[in-house]
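Report on the structure given below.
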Amino acid sequence: MKKRIFFAITTMLFGVNCAMQAQYNEDDEIIITDSEGKQEEIDLPESMGVELDSLLNLYYSKTYLQPDEDCNYQNVNPTYDKQVYIDRLKRLPNVMEMPYNDIVQKFIDRYTNRLRHSVSYMLGAANFYVPIFEEALETYGLPLELKYLPVIESALNPKATSRVGAAGLWQFMVATGKQYGLEVNSLIDERRDPIKSSYAAARYLKDLYKIFGDWNLVIAAYNCGPENINKAIHRADGQADYWKIYPYLPRETRGYVPAFIAANYVMNYYCEHNICPMRTKLPAKTDTIMVNKDVHLKQISEVCGLSIDELRTLNPQYRRDIVNGGSRPSIIRLPANAVKTFIANEDSIYNYNSDNLLIRRSLVEVDDTTPSTYVRKSSSRKNSSGSKGRSGKKKRSSKGKTITIKNGDTLSEIAARNHTTVKKLRQLNGIKGNNIRAGKKLKVK
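Position 372 of the sequence shown, counted from 1, bears residue number 376 in the numbering used here, the numbering being contiguous throughout.
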């Protein structure tokens with residue numbers, strides 16, 4: 005069931021004039037009501053509802069992450085005064101504005117309480133992915149704090165797929181992904197490629213900043229699209245401020261920026277909340293090779309002695325384990341020490357069990373003979389139904405067509421009436437000359 009935050013808004017949002025009361029209900033949901041008791045519902049980002057077990061079952065998690073047995077923190081979340089959170093957010097070395105308010109506090113509480121074990125996972129997984137994010141963001145001159153956007157997008161799960169079809173760490177929709185150069189078809193989905201999707205996300209974020217010039221609006225637009233942000237700005241009398249257009253945003257987007265601020269907070273101040281990061285054993289270095297033929301990951305796995313799960317994790321963009329190198333040169337990422345093995349055994353890899361693993365035929369012959377059983381069924385159907393129908397037509401077609409020669413008929417006239425030639429009539433009926441007799445049967449097809 006989707007988890008939601010319930011809250012109500014006053015005329016002035018989140019400032020010193022904001023008079024809201026917050027509490028947790030029996031279902032651990034957040035309710036914030038105004039002085040009139042008015043309530044409004046928004047959605048939590050989907051990543052905040054991801055089950056921890058699904059994250060821990062990922063190949064990288066099982067292989068390279070483990071609980072830190074040396075961590076002696078008590079599994080208790082300390083509480084602090086409001087001013088402490090304000091000061092901590094101010095101390096973050098960020099370009100982006102990250103103000104404090106009651107909604108931000110409730111998202112911080114969610115991460116540091118109910119989701120504290122998921123935060124432990126994400127802190128460990130960040131060692132895999134954050135360097136990739138930072139490199140892409142740095143390439144386009146973007147604030148590095150955007151590296152925590154995938155925390156609220158996917159909970160750092162590269163296999164994440166949303167209920168509306170967004171996929172990968174950065175949760176690209178198909179259309180937006182293709183717009184930014186990510187290929188998506190039946191065999192490949194580059195939205196799941198951590199490297200390519202990170203550079204695509206950086207380009208998209210840069211384009212959004214060119215439109216809005218405000219990072220909170222950029223984050224909101226990343227979630228719900230620039231069209232919805234422009235509509236909200238219009239309804240707010242042109243005020244291009246996230247906290248001013250807040251009442252006019254989609255429900256999930258109202259919680260999106262507060263969740264992003266909370267994610268930045270918890271990924272930096274986890275120690276202050278007794279959260280132990282999972283210990284990370286970084287995987288071996290990887291390298292890429294280019295292939296110009298179709299190859300199945302299982303062919304590589306069997307010939308090179310590599311784990312198929314590892315290959316899938318290193319190449320998550322290949323949806324059915326097939327690398328379509330025959331269509332265009334394609335990249336495969338391998339453990340660095342396996343590249344030489346691949347090159348030395350390349351022919352054996354392509355040939356290994358290819359008839360079963362790569363079954364797409366490029367040329368087939370059509371068997372145009374009609375089985376005798378089909379003819380008998382057609383005859384039976386014709387007799388029982390009393391009508392010719394399709395079966396009757398196919399029966400006649402399989403046996404050919406005959407006519408009865410009438411007085412005065414010539415081969416040329418018969419050929420013309422039946423859309424054939426005299427030569428074919430002679431061949432079908434074993435006729436050498438032009439002599440035919442009235443009353444006799446003549447094959448015309």
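Think of the CB as a built atom: it goes at the ideal place given N, C-alpha and C, for glycine as much as any other residue.
- The secondary-structure analysis by DSSP pairs T257 with nothing; it has no beta-bridge partner.
- Three or more beta-carbon pairs drawn from the segment 272 to 292 and the segment 111 to 124 are found closer than 8 Å, and the two stretches are therefore classed as touching.
- Apart from the 5 residues on each side of it in sequence, T345 sits with its Cβ closer than 7 Å to the Cβ of C308 in its chain, given in chain order.
- The segment 249 to 261 makes no contact with the segment 297 to 311; the number of CB pairs closer than 8 Å stays below 3.
- Straight-line spacing of the CA atoms in I435 and V426 works out to 10 Å.
- If you draw a straight line from the Cα of N433 to the Cα of K447, it comes to about 6 Å.
- Assignment of beta-bridge partners to S190 by DSSP yields no partner.
- Counting the other CB atoms within 10 Å of its CB gives D57 a total below 16, which places it among the exposed residues.
- The beta carbon of W219 is closer than 6 Å to those of M100 in its chain, skipping five residues each way along the sequence.
- The segment 237 to 250 makes contact with the segment 215 to 229: 3 or more CB pairs, one atom from each, lie closer than 8 Å.
- Between E73 and the set S124, D245, V54 and V168, the nearest pair of CA atoms involves S124.
- About 13 Å separates the Cβ atoms of A130 and L59, ruling out a contact at the 8 Å cut-off.
- The residue among R332, P333, I293 and D298 with its C-alpha nearest the C-alpha of L318 is I293.
- In this chain, N328 is not harboured by any alpha helix (DSSP H); it is covered by the beta strand (DSSP E) spanning I326 to N328.
- Counting other Cβ atoms within 10 Å of its Cβ, E50 reaches 16 or more and is therefore classed as buried.
- If you look at K151, you'll find it isn't in any beta strand (DSSP E); DSSP assigns it neither H nor E.
- For P230, the enclosing alpha helix (DSSP H) has its first and last residue at P230 to R239.
- By the neighbour-count criterion, in which 16 or more other beta carbons inside 10 Å mark a residue as buried, E55 falls on the exposed side.
- Residue state for H300 is assigned as strand, using DSSP reduced to three classes.
- If you draw a straight line from the Cα of S366 to the Cα of L146, it comes to about 47 Å.
- Using a C-beta cut-off of 8 Å, the segment 355 to 364 makes contact with the segment 295 to 308, since at least three inter-stretch Cβ pairs fall below that distance.
- Contact between the segment 93 to 107 and the segment 147 to 156 is established, with three or more Cβ pairs separated by less than 8 Å.
- Using a 10 angstroms sphere on the CB of Q70, the tally of other CB atoms stays under 16, which defines it as exposed.
- I335 and A205 have their C-alpha atoms some 20 Å from each other.
- Looking at the DSSP output, A171 bridges to T165 and F176.
- If you look at K289, you'll find it isn't in any alpha helix (DSSP H); DSSP assigns it neither H nor E.
- With respect to the 8 Å criterion, R207 and P162 are not classified as neighbours on the basis of their beta carbons.
- Ranked by Cα distance from G229, the first of G330, A170 and P262 is A170.
- With a cutoff of 8 Å on beta-carbon distance, K444 and K405 are scored as not near each other.
- For S352, no beta strand (DSSP E) run applies; the uninterrupted alpha helix (DSSP H) run containing it begins and ends at E350 to N355, by DSSP.
- Looking at the DSSP output, V295 shares a beta bridge with S334.
- For K182, same chain residues with a beta-carbon under 8 Å away, outside a window of 5 residues either side, are V188 in chain order.
- E157 places its beta carbon less than 8 Å from that of L173.
- By the CB criterion at 8 Å, L191 and R323 fall inside the cutoff.
- Taken through DSSP and simplified to helix, strand or coil, K248 comes out as helix.
- Note that the C-beta distance between F137 and S202 is below 8 Å.
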